[in-house]
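**Student:** Can you keep this structure in mind? I'll have questions shortly.
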């Protein structure tokens, strides 16, 4: 039995017996194997970690964002040039349209310059990373030679065998599992990615007047009115309005030539069914707004001049008891916020029974209008400065400083999921952004900022048509 134990040890070690004066026997074991270079392994691990930290998702997404921006902006530029050729009357219209196109060209050139710089950096980064990875591979091949017992190779073979057995078991005993289908909505644009701009900034024909109001485009216009824009100004006490002002084009709005002009809800102001608060929208030829002195949504048909109303749930806060706010100020009579997106009209509000948390309801296009499904959120309405809808997702903003607003929150009506870390910033032209609404026609975000009308371009990430937000 002793011979069987001693022989394998002699195959690995040289045994030297030393004479000592005591009864103890001391043996010196000398390994015939080369010592493993742990310092080289640690160096290879550090190099691999450095590669992982250098190639991060932010750097790749920056390039994707630039390409996406160019992909969106170039068709828009072509459209604007075509509109200039069509509408150019060689007077002020043409000059303003040309000025807008010049600004677009400047922004596109800046994006191209940034893209060229980013592409060059990415090329150098790829070359450096490729060389580092090749060096790491060569170093690992050298370290593998120290594995004389072939432990690593056996582990790799076992992993391959286990994988093959799992595939055989799944395919042989159970039918193949079909790929999981996304459970999101269909959105024609993709996932909300960013905002650029402002693209348009104008006071129209009333420079410095009418601090509160709203403006935009009809997402579902009547035939022949596709290019029309609208504006509502709170002409009484920054609280009331009794007409909507129409413009045949963006150029008309900028220079302040209103054709066909004002469409009155009522000759006097304020009175029953006139507008209260700045958060109004136009959809399918009808204006939606907070009815005067009521917890209700009014719908004014611009063609028939008729008004129908929709009562909100009992306990809905109105008359400036549930406003949008930030730390220094609340925006008066913003209890109800109307919004539009690809699917229609929505209303944002709060109730006493929900302790001031924000509620979202779909407004159904019936006669009279009806309140559809309602969603409850966990965001406090007075911590929000504005909201808007895009592709069935509610977005909320908050005040950062006089130059910046942040889209910090989203609520997906399809999944019910909330996100408090959206982190998209809006450059403001003035301190207060008093109304905000998204136009699915041209993917623009229209803001009314202290008597100025401002628009921003919304960028979406192109994806499959069905996707979860």
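Residue numbers (mature numbering (1 follows the signal peptide of the UniProt record, and there is no 0)): -18 to -1, 1 to 451.
We treat Cβ as the ideally placed atom computed from N, Cα and C, and that holds for glycine.
Locate the alpha helix (DSSP H) running through residue 452, then write down its first and last residues.
**Tutor:** Nothing about residue 452 can be read from this structure; the chain reaches only from -18 to 451.
**Student:** Measure the C-alpha to C-alpha separation of residue 379 and residue 273 and round it to an integer number of angstroms.
**Tutor:** Position 397 of the chain shown, counted from the start, is the residue given in the question as residue 379. Position 291 of the chain shown, counted from the start, is the residue given in the question as residue 273. When rounded, the distance between both Cα atoms is 24 Å.
**Student:** Which residues in the same chain have their Cβ closer than 6 Å to the Cβ of residue 435, if we skip the five residues on either side of it in sequence?
**Tutor:** The sequence position of residue 435 within the chain shown is 453, counting from 1. Taken in chain order, the residues that qualify are 184 and 197.
**Student:** Tell me which same chain residues have a C-beta within less than 6 Å of the C-beta of residue 179, skipping the five on either side of it?
**Tutor:** Counted from its first residue, the chain shown places residue 179 at position 197. 438 and 439, listed in sequence order.
**Student:** Can you look up residue 125 in the DSSP assignment and give me helix, strand or coil?
**Tutor:** Numbered from 1 along the chain shown, position 143 holds the residue referred to as residue 125. In the structure shown, residue 125 sits in a helix (DSSP, three-state: H, G or I).
**Student:** Residue 267 bridges to which residues according to DSSP?
**Tutor:** Taking the chain shown and counting its residues from 1, one reaches residue 267 at position 285. None, per the DSSP bridge assignment.
**Student:** Should residue 316 be labelled buried (16 or more other beta-carbon atoms within 10 Å of its own) or exposed?
**Tutor:** Mapped onto the chain shown, residue 316 falls at position 334. Its Cβ being crowded by 16 or more others within 10 Å, residue 316 is buried.
**Student:** Give a yes or no on contact between the region 207 to 214 and the region 324 to 339, applying the rule of three or more CB pairs nearer than 8 Å.
**Tutor:** The region 207 to 214, when compared against the region 324 to 339, does not touch it at the 8 Å Cβ threshold.
**Student:** Report back the beta-carbon spacing between residue 173 and residue 443 to the nearest angstrom; my notes put them in contact at under 8 Å.
**Tutor:** On the chain shown, position 191 is the one that residue 173 refers to. On the chain shown, position 461 is the one that residue 443 refers to. 4 Å between Cβ atoms; contact.
**Student:** Just how far apart, CA to CA, sit residue 313 and residue 100?
**Tutor:** Position 331 of the chain shown, counting from 1, holds the residue named residue 313. Position 118 of the chain shown, counting from 1, holds the residue named residue 100. Cα to Cα, residue 313 sits roughly 42 Å from residue 100.
**Student:** With respect to the beta strand (DSSP E) encompassing residue 174, which residues constitute its N-terminal and C-terminal limits?
**Tutor:** Position 192 of the chain shown, counted from the first residue, corresponds to residue 174. Looking at the DSSP string, the run of the beta strand (DSSP E) that includes residue 174 is 173 to 184.
**Student:** Using C-beta distances below 6 Å, list every residue in its chain close to residue 291, excluding the 5 sequence neighbours before and after it, in chain order.
**Tutor:** The residue you call residue 291 lines up with position 309 of the chain shown. The answer, listed in chain order, is 273, 278 and 280.
**Student:** Under a Cβ-count criterion, where at least 16 other Cβ atoms within 10 Å of its own Cβ denotes burial, should residue 157 be classed as buried or exposed?
**Tutor:** If you number the chain shown from 1, residue 157 lands on position 175. Caution applies to residue 157, whose pLDDT of 42 falls short of 50 and renders its modelled position unreliable; the model cannot decide the point.
**Student:** Here's the rule: buried if 16 or more other CB atoms are within 10 angstroms of the residue's CB, otherwise exposed. What is residue 253?
**Tutor:** Taking the chain shown and counting its residues from 1, the one referred to as residue 253 is at position 271. Its Cβ having fewer than 16 others within 10 Å, residue 253 is exposed.
**Student:** So, residue 240 versus residue 221, is the Cβ gap smaller than 8 Å?
**Tutor:** Here the question's residue 240 lines up with position 258 in the chain shown. Here the question's residue 221 lines up with position 239 in the chain shown. Going by C-beta atoms, residue 240 is not nearer than 8 Å to residue 221.
**Student:** Less than 8 Å between C-beta atoms, sequence neighbours within five positions excluded: which residues of the same chain meet that for residue 349?
**Tutor:** Within the chain shown, residue 349 is the residue found at index 367, counting from 1. Around residue 349: 290.
**Student:** Taking Cβ to Cβ, would you say residue 404 is nearer than 8 Å to residue 392?
**Tutor:** Stepping through the chain shown from its first residue, residue 404 is reached at position 422. Stepping through the chain shown from its first residue, residue 392 is reached at position 410. For residue 404 and residue 392, yes; Cβs fall inside 8 Å.
**Student:** Which same chain residues end up closer than 7 Å to residue 423 when comparing Cβ atoms and leaving out the 5 residues on each side of it in sequence?
**Tutor:** Along the chain shown, one-based indexing puts residue 423 at 441. For residue 423, where only same-chain residues beyond five positions count, the Cβ hits under 7 Å are 199 and 201.
**Student:** What are the boundary residues of the beta strand (DSSP E) that residue 437 is part of?
**Tutor:** Taking the chain shown and counting its residues from 1, one reaches residue 437 at position 455. Taken as a continuous stretch (DSSP letters only), the beta strand (DSSP E) holding residue 437 covers 434 to 443.
**Student:** State the DSSP-derived secondary structure class of residue 343, mapped to helix, strand or coil.
**Tutor:** One-based indexing of the chain shown puts residue 343 at position 361. If DSSP states are grouped into helix, strand and coil, residue 343 belongs with the strands.
**Student:** Residue 115: which of 398, 25, 263 and 351 sits nearest, CA to CA?
**Tutor:** As a position in the chain shown, residue 115 is number 133, starting the count at 1. Answer by Cα proximity: 25.
**Student:** Output needed for residue 432: all residues of its chain with C-beta closer than 6 Å, excluding positions within five of it in sequence on either side, in chain order.
**Tutor:** The residue given as residue 432 occupies position 450 in the chain shown. Cβ within range, chain order: 193, 412 and 414.
**Student:** Beta-carbon within less than 8 Å of residue 421's beta-carbon, same chain only, minus the 5 sequence neighbours each way: which residues are those?
**Tutor:** Looking up residue 421 in the chain shown gives position 439. For residue 421, where only same-chain residues beyond five positions count, the Cβ hits under 8 Å are 198, 199, 201, 322, 427 and 428.
**Student:** Would you kindly check if the distance between the Cβ of residue 260 and the Cβ of residue 32 is under 8 Å?
**Tutor:** Walking along the chain shown from the start, residue 32 turns up at place 50. Walking along the chain shown from the start, residue 260 turns up at place 278. Their beta carbons are not under 8 Å apart, which means residue 32 does not touch residue 260 by this criterion.
**Student:** Can you list, in chain order, the residues of its chain with a C-beta nearer than 6 Å to that of residue 275? Leave out the 5 residues immediately preceding and following it.
**Tutor:** Start at 1 with the first residue of the chain shown, and residue 275 comes out as number 293. Nothing listed; no residue qualifies.
**Student:** Using the Cβ count rule (16 or more neighbours within 10 Å means buried), how would you classify residue 55?
**Tutor:** As a first step, residue 55 must be located in the chain shown, where it is residue number 73. Answer is buried; the Cβ neighbour count reaches 16.
**Student:** With DSSP run on the structure shown, which of helix, strand or coil describes residue 293?
**Tutor:** On the chain shown, position 311 is the one that residue 293 refers to. Reduced to three states, the DSSP call for residue 293 is strand.
**Student:** On the three-state DSSP scale, how would you describe residue 115?
**Tutor:** One-based indexing of the chain shown puts residue 115 at position 133. In the structure shown, residue 115 sits in a helix (DSSP, three-state: H, G or I).
**Student:** Assuming contact is defined by CB atoms lying nearer than 8 Å, are residue 453 and residue 366 in contact in what I supplied?
**Tutor:** Missing from the structure shown is residue 453; the chain here goes from -18 to 451 and no further.
**Student:** Using only alpha-carbon positions, find the residue among 293, 242 and 357 that is nearest to residue 255.
**Tutor:** Counted from its first residue, the chain shown places residue 255 at position 273. Comparing Cα-Cα distances from residue 255 to each of 293, 242 and 357, the minimum goes to 293.
**Student:** Just verifying my parser: in three-state terms, what is the DSSP assignment at residue 431?
**Tutor:** Taking the first residue of the chain shown as 1, we reach residue 431 at position 449. DSSP places residue 431 in strand when its eight states are reduced to three.
**Student:** Can you name, in chain order, every residue of its own chain whose Cβ lies under 8 Å from the Cβ of residue 122, other than the five neighbours on each side?
**Tutor:** Locating residue 122 in the chain shown gives position 140, where the first residue counts as 1. Once the five neighbours on either side are set aside, the close Cβ partners of residue 122 are 26.
**Student:** For residue 263 and residue 90, I'd like the C-alpha separation in whole angstroms.
**Tutor:** One-based indexing of the chain shown puts residue 263 at position 281. One-based indexing of the chain shown puts residue 90 at position 108. Near 31 Å, if we compare the C-alpha coordinates of residue 90 and residue 263.
**Student:** Identify the residues that DSSP records as bridge partners of residue 416: which are they?
**Tutor:** Position 434 of the chain shown, counting from 1, holds the residue named residue 416. For residue 416, which the question treats as bridged, DSSP gives no partner whatsoever.
**Student:** Apply the 10 Å Cβ neighbour rule to residue 19 and answer buried if 16 or more other Cβ atoms are within range, or exposed otherwise.
**Tutor:** In the chain shown, residue 19 corresponds to position 37, counting from 1. Exposed, since its Cβ has fewer than 16 Cβ neighbours within 10 Å.
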